[in-house]
Amino acid sequence: MRTVTLGSTGITSPQNAFGALPIQRVSEEKAVELLRRAYEGGMTYFDTARAYSNSEERVGKAFAGMRDKVVIATKTMATTPEQFWADLETSLTNLQTDYIDVHQFHCVNQVWRPGDGSGMYECMLEAKAQGKIRHIGVTAHKIQVAFDLVESGLYETLQFPLSYLSGSREEELVALCKERNVGFIAMKGMAGGLLSDSKAAMAYMTKFDNVLPIWGVQRDQELDEWLSFFQSTPEATDEMEAFFESERKELAGDFCRGCGYCLPCPQGIVINQCARISLMARRAPTEAWTTPHWQEEMERTKGCTECRACVKKCPYGLDVPELLKKNYQDYQNILSREVSA
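Numbers 2 to 342, taken from the numbering used here, label the letters of the sequence shown in order.
In structure tokens form, the structure reads like this:
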């Protein structure tokens, strides 16, 4: 297993890290167990966020008394200095620590800069001067925003979606981060659950010696898969490259990553699942997506008023109402085939 250094931070980690968003969906006991098992299995970098409900608290409980043995990154979605400081104090309390290794502005749509009138970047600098954070990072979903962030020279790390479905533009971003000595943290390595081949996902990451993938974990089986790669790390062979290309062709075009930033929907539509359900039904066991529950949820999409609030919030700029319509039509075809089978 390769060790990655996150740019100018000097932070080193095995190229295999833990994304703590999903642990908010399991019991506290199970979450703590998964986090500790991940550490015992070789993971040392753990990424959470203020926006992940109780995730920070669970990370804090798991690593209480062993703070110096792990790297903890968290995030704030604050857009005012007052909220920044409130979030930071809450994060420190939840994480049971007096410092955060990498503190990140979460899902930004612009570059916070010194002197821009917002005071946001100055907050990071002051927090660093106080010793409450050690490194300034940022996360983004829009590719041009990500390039602007790296080119600004203001951020020590960038977290951005990267998977074997990514194209040349994303790989250019990885190369720019290496050139500018900015640590690249890869989120959504499984494309929000659309991909299922963990071996292929890991092999793709090994193509880059400056990329640290954080894998979302909420089940023992998932963690076992990622930990197994410490003993035998997949490689991007010619055969694997051919697989990547075939997957890209199958999934070419716009598709929902399931991030959920579009929610809540005024009409109660579960957008982050309904806007991609036909893909999920084809790439996962179909019966899991054709239950009465999901049929009811898909019927609810017919109530979309096309207010386009979701479009404004989508970090990928997707035409969500159109995706809902296409998925509804395709879903009906899937149900018809299931009935006739």
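Note that CB positions come from ideal geometry on N, CA and C, so glycine has one too.
Backbone CA spacing between residue i and residue j [nearest angstrom]
| i | j | result |
| --- | --- | --- |
| T45 | V72 | 6 Å |
| I94 | T81 | Inspection of the sequence shows that residue 94 is occupied by Thr rather than by Ile. One C-alpha to the other measures close to 20 Å. |
| R170 | Q84 | 34 Å |
| L336 | T291 | 7 Å |
| Q131 | S233 | 42 Å |
| T91 | M299 | 38 Å |
| S247 | E172 | 18 Å |
| F47 | A74 | 6 Å |
| M2 | P267 | 46 Å |
| V139 | K129 | 15 Å |
| V60 | Q160 | 19 Å |
| R258 | L195 | 7 Å |
| L325 | S197 | 23 Å |
| L36 | D117 | 39 Å |
| K62 | Y262 | 27 Å |
| F244 | Y100 | 42 Å |
| R283 | A65 | 42 Å |
| Q296 | P265 | 20 Å |
| T238 | E288 | 33 Å |
Within 7 Å, strictly: CB atoms of residue i and residue j
| i | j | result |
| --- | --- | --- |
| A201 | L166 | no |
| G8 | E157 | yes |
| N328 | I270 | no |
| A141 | V109 | yes |
| E57 | L96 | yes |
| H107 | K133 | no |
| T98 | R51 | no |
| V112 | S153 | yes |
| P322 | E307 | yes |
| G184 | T10 | yes |
| I272 | C305 | no |
| V151 | L126 | no |
Residues bridged to residue i [DSSP beta-bridge criterion]
| i | result |
| --- | --- |
| K76 | Q105 |
| W290 | Per DSSP, none; premise fails for W290. |
| M188 | P162 |
| S14 | V5 |
| I137 | H104 |
| Y205 | BP columns for Y205 are empty, so no partner. |
| D48 | G20, A74 |
| G217 | G20 |
| V212 | F185 |
Any non-hydrogen atom of the ligand NAD closer than 6 Å to residue i Cβ
| i | result |
| --- | --- |
| L280 | The ligand NAD is absent from the structure shown, which contains no ligands of any kind. |
Spatial neighbours of residue i in its chain, beta-carbon cut-off 6 Å, leaving aside the 5 residues before and after
| i | result |
| --- | --- |
| P162 | M188, K189 |
| F209 | V175 |
| G42 | L228 |
| M281 | W290 |
| A32 | I24, R59 |
| Q105 | K76, G138, V139, T140 |
| L319 | D255 |
| N55 | Q25 |
| E339 | T291 |
| S199 | E226 |
| H136 | T10, V103, E157 |
| D221 | none |
Cβ-based neighbour list, residue i, same chain, cut-off 7 Å, excluding 5 preceding and 5 following
| i | result |
| --- | --- |
| E123 | P115 |
| M241 | A201, A204 |
| M206 | Q16, A187, G190, V212, P214 |
| G120 | P82 |
| N334 | none |
| C275 | E298, M299, T302, L325, N328 |
| E236 | A204, T207 |
| L252 | L166 |
Contact set for residue i: own chain, Cβ-Cβ below 8 Å, skip 5 residues either direction
| i | result |
| --- | --- |
| T4 | T13, S14, P15, Q16 |
Three CB pairs or more closer than 8 Å across the stretch 215-229 and the stretch 136-148: Cβ pair count under 8 Å is below three, so no.
Three-pair Cβ contact test at 8 Å for the stretch 5-21 versus the stretch 208-219: Contact annotation: the stretch 5-21 touches the stretch 208-219, with at least three C-beta pairs closer than 8 Å.
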